[in-house]
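The structure appears right after this line, and notes come after that.
This is the structure:
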């Protein structure tokens, strides 16, 4: 999982005004800031100097704020890319911070990659046989090696020839030959959208990053398309045929994306609210005897609003968050560890004591935090807690976004719903059904990936 | 403004278990953490060593997290007090961080004070004539000087004799003679509540601080009462007569207190929601033609829920907050300054474009941030913005809580509601009326201070 | 112990140039930087705004670098004082950082104090009876209370009337009534020197602080004199009669002062070198059979040079220092603790193995570090180590500079020289005699304090 | 330029005691600490987990202290390598911090490299043609690519086959196949020495790093030799024939090495002192009319002692250093920049005013700092300054240690000695002659590299 943002200033050198050029890096910084929810473990920005092949970068462990925006001040760059990331496999090491920047026979390159390749092993084996060395733990390096093994081709051509070898999910931004390339895997697993403001062209993981800098959405990058942005042009190149069946990530709508983003034309907030309404309608068939609805903060809030609307039950903030938890580092003493989520979650005795409450959350993945949260909520004395989840049970590991979870870690793959309900200490537990999720999103079912819920992996990569 | 928390371990030395003693300081730390919303500019903790007169302290500029909880590890203390604060008059200096700790003829003292004295000038003049020197800019020092000028009395007696000289708002915690004293001014301007968990006795500004450590509320400290907590006792001493008319701060219910606290038996969340309902009822008389209701995050959220409930209009999160703003320090470049609140507030085009929206906020004080927020919201294209404020206009400076604002700084004292509506760029603007606020809180009107709204100052201190 | 630096810009407001005014604070910063060796536990700077009574300050725990020089940028101040300090009694707390700044009936004051009062208890008792409260653990507060108890006098008059009540060692800088006052106790225990550069007047603990800013020495502040520096004047006021017998601190020449300073007309470097020559002459009587001389870095280096010169033995750097020890914080693991001084000291096997070496150090106070250093040096295999100390044994606590040490902590008060030699693991141990120290310094013996060596305390304060 | 340190615990797993294993990483940390003078811009440590192929690392920008030693606590590793570095070409980026760690077809590798390859361009071109991508700016990557292109060979065999392709200076430490390899280029440009303590085997750039951990020197790694340290063995493998003519770096003796190190059997301190004596003898022919000798701190101190000894002139510390300069970060305001070295250097007026002084320094490279130092020294009023340099003029860029300097930057390549003397503001300037330097070091002239002085580059790499 990660957030990508790229910016290209198309003002030709002759007419360029300093401020506008300078905004390239600041735009990337602000865009990444709006995408911080997509990854908090590292951040990096790479840029070219106008009229030069040289690529420079700044990187930091942790939040974007670890890069001082003043360090970017006065750098005259017309194209830049950046990424915020969660760490993938293994521990986190400096070499894994993206964008990766390399030099090879045909010049300098930078690349930032959101997604996960599913044929890593096969490619690694082949490349290592040809003498490749891997310095990071990012599968992104594979693409760079594939390109480097085509020294007779220009960087762009090498890229286009190499992409068909990649399987899995990948939205990517690259700096090469003075151009910015934004591309998306053939099935469209990972999101990528184009924007514009005056002479600036942008590519971003989500529209919320365009909003912050006042840019307008142009369109999504199409699955299998590479958009090559240069001084006077924005060229669309297909590196894979247009497919009838696509694999847009349904989990983006459930959890990953910021609610104020629009993805494939669907407003994420509206999808989440509809998922809440669906849960309410599921209850209305049999009826749930509840006094109020509340969301698990912050992930379940919007679906809870939808549930309240459709059920007619009052919506209340029965569980609030201590907003200083993220801003203060408190060393984990024994006591602090025991307090756990109680330090962060403030359940309301006044609202819940003796009441039947519906608590809505977006999804259950590992279930560890949710179980602790439920224990904390119990302390405020509700009579019954009816847990409603605005997505189907997550039973299968994702292979295309972030390949960390084995099925074992997914609690819904280890126990059935009854057992899970008991495990969480809820009085009842219901999930949205897969088809209802697809309906709520509003895209055709053959355009979406629901592998984490259904196990129907779009790529037959283990065959 | 500030948050107080004190803890006393009543286990007699003979039977004490190490862990229990150790929890005194950790309890204060956690209690202050729950009170962080009451002040983010400094934090401090002072404690006694059991069986010793000596008082030690740790202080920090900024959030409580500036004090490393591990520094408190292994300190065997049975009584401790702490405070989080906003800075008062003048710039912030190290000497102003509370608790103040001093030595005088009768021993060591520590004191933490939430509130503001209104007869500072008179007392200062008198004390300076007697040779007092002032090292901090806290009016709290005045009490210490008054006590020190009674060298023939024990510290506790000197305190009780000095308190009648103080006018204004003061909740205080003191460490003296091995005891913890919790006291509240005669009119009860500032809050202070007692709690207990096993052998531990606590005093806190708000009940939410008792919740985090699993303590039960005993009762509020009464106006004019000093509660003296010692090894085997909890003694109530009146330093001022019980008054019929009190001055409980109404602004605590509007803005200061955390919504999950209960103050004078009234649940703050419920008061705020009722204030929203009142605003809706005001509109229902004439009718407001709106499509949705939203709260100004985070202060207006609860009243907005009440407004939605009473009006029947849908509630939506049309303006959300970037939760990383408080967690990342971004240096204010020219561009960042221009972006201003837009970096923090994400108004939803999808929800608001072309719509009539009701935006609810808790109060308007200086109006600076609200004006910028309104400009940001306008960018998302609403047709009409109806601003609703869950409190009366703040026209008069507070003399009893935090004496920073002159009337000039209060925008509602400079312009009438029509002008203010225009200034903010709203299509309409309404406030809750004073009597409605009193009704919503639910305390008798002769028990409350509404001076900031009405100008009716309970203390005739300028006479 | 501490270092003082004050600066006053005498350019009248009419003709002042911005840069010159701005240099007041920068001069203080640089002057303190040159005095950092006099105290590394806290640093502070206080200043007045021209034409205002208001005093502001910046303070830091640790080295001066904790105050960012850019924070002083653009402040238009014509008088400022600063101090670097070691902590005195008790643990270090924020309130103890000097300059102390207060407000009392006659206005604002700032004071910085190098030295120690010997009648603290008596004064404290008296002042506490009159109602004084003490917020710091600095005896400096006593003077402020004495002044505050003279509200009918102007601050300057109150100061001059209060000074005679103080016994002990005190060099002080004060800001009051828009003036800078530099004063020194009647016996001259602590140093203080005046300097000038163009329209700037300075007061500093040592001349090395004048050198760094290119100022010329005017003269020492005389014992019992207060020099009052104002816009157009530099007035000398005696607050105590001129005495025949003075008490200039001999330990300044031995250890405290920077070798490139000149104190009472005596060049510290030259004194230390002469002390080394004296040690060599002591050995030449009986003869010491040595191969080389080395100094214990860095304190014994200069005396070692003198020893080598007078003895004719070669001088070598047989023990060097890892210069990164002070620049790198290494957490003390068990192993690091065991390594102890070995991490810092690099004794040369090549120079010392099988040799008889003379190691010269400046003084032995607690002896803890020296013992560890000797153990480390032994590992490099010298045949004999002859320890030579460029001062008499320190047997008595200092009452006038820094009152931390009880006699118990002084190793030479607990054991005689033979035992000490054995304890340190030296093959022989010799000290400079008291009279030789006085001769080396070159001041008349009735002008010097040698109490720490002789026990002859100049003030009969326990009588 | 850089410092290398490696440690291998040969205790077999069966008998190992936890503490001993734990010391592997702590030994590397301490060894690097003793080598900090060889590079302050980055530091890194890489280690294997016993019985595993996996390699982990910790890296930091700046001093070693940026790695918290506690992070190494409890890691059970039996082999580890580390490096401190100055940055080479281009700006400093995270990817350049060594040890480099990679994965390739035959497993994981870590490598740390002190030195500079002189056939980089040729190798890069060849490797890029084969598809290599370069992620760092270290020429060390070249070796890794060479190895990776031999997938049919074991890592060790691939290493041994690849080494002959490298030209230039390289001492290297590698972790591979559970072994630690220490190797040195065929001409021995860069130093590397082996040590042992109990079951621990070490490799270090200098002997001072062995001293700090109490290890004994075994011997130098021979030029062209790879020493492979494994659980039960220490095998010597030659990857290049033993040569008659070697190229031990003479500049190590002049400046780079710590004086308490022994290099190729020569004690660095003794060499530097002898260089001072040589300078004195040069002056004795004609006579220099001087009052005293002083060293430019700290680099010229030892040679100055030699000069004083041979000339009979008194040695004095006429220029001392403010030891807090390295420990305090002072932001460079305009004034601070103007003060420049004066902030750091304290020249003594008392010692120098009106005197003829000999100032000895180790070498002149760019001459920038020295010129500023001379200006500062002039302010203390010496009559004549005779500058003596304990090495020949540096006229040629080094190609084997750190390839940063072009000839243009070397002041002695731009002007002759008379012009340089004038430029520095000295009254006379003399350098040690090349043959005298060789004599002082004491190695045969055909074993040493003096290219930076003579331009006689041992490798004909531009042919």
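Chains as they are written, first to last, in this note's numbering: chain A, 672 to 1134; chain B, 672 to 1134; chain C, 672 to 1134; chain D, 672 to 1134. Cβ coordinates follow ideal geometry from the N, Cα and C atoms, glycine included.
When DSSP assignments are scanned along the region 775-800 of chain C, the uninterrupted stretches of beta strand (DSSP E) that are 3 or more residues long and fall wholly within it turn out to be 778-788.
The C-beta of residue 985 of chain D comes no closer than 7 Å to any C-beta of chain A.
By alpha-carbon distance to residue 953 of chain B, the top candidate from B:740, B:1107 and B:1113 is B:1107. Under DSSP, residue 873 of chain D takes part in a beta bridge, and its partners are D:678 and D:866.
Within the DSSP bridge table, the entry for residue 1118 of chain C names no partner. With respect to the 7 Å criterion, residue 908 of chain C and residue 872 of chain C are not classified as neighbours on the basis of their beta carbons. With contacts defined as CB atoms closer than 7 Å, residue 1019 of chain A and residue 931 of chain B qualify as a contacting pair. Boundaries of the alpha helix (DSSP H) harbouring residue 955 of chain B: 939-957, taken from the DSSP string. Bounds of any beta strand (DSSP E) do not take in residue 1005 of chain D; it lies within the alpha helix (DSSP H) bounded by 1005-1010. Under the 7 Å criterion on CB atoms, residue 1003 of chain A is classed as non-interfacial with respect to chain D. Under the Cβ distance rule, residue 995 of chain B does not count among the residues neighbouring chain C, no pair being separated by less than 7 Å.
Beta bridge pairing from DSSP links residue 1057 of chain D with D:1029 and D:1099. In this structure, residue 1022 of chain B keeps its C-beta atom at 7 Å or more from the C-beta atom of residue 981 of chain B. Burial is judged here by how many other beta carbons sit within 10 angstroms of a residue's own beta carbon; residue 730 of chain B has at least 16 and is buried. Around the Cβ of residue 937 of chain C, a 10 Å sphere holds 16 or more other Cβ atoms; the residue is buried. Those residues of the region 807-836 of chain C placed with their C-beta closer than 7 Å to a C-beta in chain B are 815, 816, 819, 820 and 822, ordered along the chain. Between residue 799 of chain C and residue 776 of chain B, the gap from beta carbon to beta carbon is short of 7 Å.
By the criterion of a C-beta distance shorter than 7 Å, residue 859 of chain D is surrounded in its chain by 894, 917, 918 and 919, once the five residues flanking it on both sides are discounted. For residue 882 of chain A, the CB contacts under 8 Å within the same chain, skipping 5 residues up- and downstream, are 705 and 931 in chain order. For a cut-off of 8 Å, the C-beta gap from residue 951 of chain B to residue 965 of chain B is around 13 Å, too long to register as a contact. Residue-level contact by beta carbon holds for residue 765 of chain D and chain A, with a gap shorter than 7 Å.
Residue pairing of residue 855 of chain B in beta bridges, as defined by DSSP: B:842. Comparing alpha-carbon positions, the option among D:768, D:961, D:712 and D:701 lying closest to residue 728 of chain D turns out to be D:768.
Non-local beta-carbon contacts of residue 1105 of chain C in its own chain, meaning distances under 8 Å to residues more than five positions away in sequence, involve 1063, 1121, 1124 and 1125 in chain order. Per DSSP, residue 898 of chain A is one residue of the beta strand (DSSP E) stretching across 896-901.
Taking C-alpha positions only, residue 675 of chain D is separated from residue 995 of chain D by approximately 27 Å. Taking C-beta atoms as the reference points, residue 1060 of chain B and residue 1098 of chain B fail to come closer than 7 Å. Its Cα nearest to that of residue 961 of chain C, the residue C:1027 stands out among C:1027, C:1009, C:1007 and C:949. Residue nearest to residue 1006 of chain D within the set C:863, C:700, C:677 and C:1015 is C:700 (criterion: CA-CA distance). With a cutoff of 7 Å on beta-carbon distance, residue 788 of chain A and residue 910 of chain A are scored as not near each other. Nearest C-alpha to residue 710 of chain D among D:755, D:803 and D:845: D:755. Looking at the DSSP output, residue 755 of chain D shares a beta bridge with D:674 and D:714.
Chain-order list of chain B residues neighbouring residue 998 of chain A: 734, 997 and 998, by C-beta distance under 7 Å.
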